[in-house]
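Note that our numbering numbers the sequence shown so that position 55 is 55, with each residue one more than the last. Don't be surprised by glycine CBs; every beta carbon is placed ideally from N, CA and C.
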Amino acid sequence: MTESVKCAVCGKTVLKTAALSLAHQGQTFYACGPGCRDKFTKNPAKYAKAPKAPSGGTPQKP
Ligand SMILES: [Zn+2]
Numbered sequence: 001m002t003e004s005v006k007c008a009v010c011g012k013t014v015l016k017t018a019a020l021s022l023a024h025q026g027q028t029f030y031a032c033g034p035g036c037r038d039k040f041t042k043n044p045a046k047y048a049k050a051p052k053a054p055s056g057g058t059p060q061k062p
């Protein structure tokens, strides 16, 4: 079974087996390659958006 994930940086769909996983604030994100992984690592706040957008738009505070 091949599962695909979305690159958190460029939005490209990649196979999960080929993607690089990135842990950030308890969530797992994926990058399609080292370049995108580096971008994520340098600026995770820019790319680490919640996979599911909340329908209310209520900001969550930690
Ligand atoms: Zn990418």
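Have a look at residue i and residue j and give me their C-alpha separation to the nearest angstrom.
i          : j          : result
residue 3  : residue 41 : 24 Å
residue 26 : residue 62 : 12 Å
residue 30 : residue 46 : 14 Å
residue 7  : residue 16 : 10 Å
residue 10 : residue 48 : 12 Å
residue 53 : residue 37 : Low per-residue confidence applies at residue 53: pLDDT is 49, beneath 50, and the placement is therefore not dependable enough to give any value.
Could you tell me the boundaries of the alpha helix (DSSP H) in which residue i lies?
i          : result
residue 6  : Where residue 6 is concerned, there is no enclosing alpha helix (DSSP H), although the beta strand (DSSP E) it sits in stretches over 4 to 6.
residue 45 : 44 to 47
Does at least one heavy atom of ligand 1 sit under 7 Å from the Cβ of residue i?
i          : result
residue 31 : yes
residue 12 : yes
residue 5  : no
Going by DSSP, what residue range makes up the beta strand (DSSP E) through residue i?
i          : result
residue 23 : 20 to 24
residue 13 : 13 to 15
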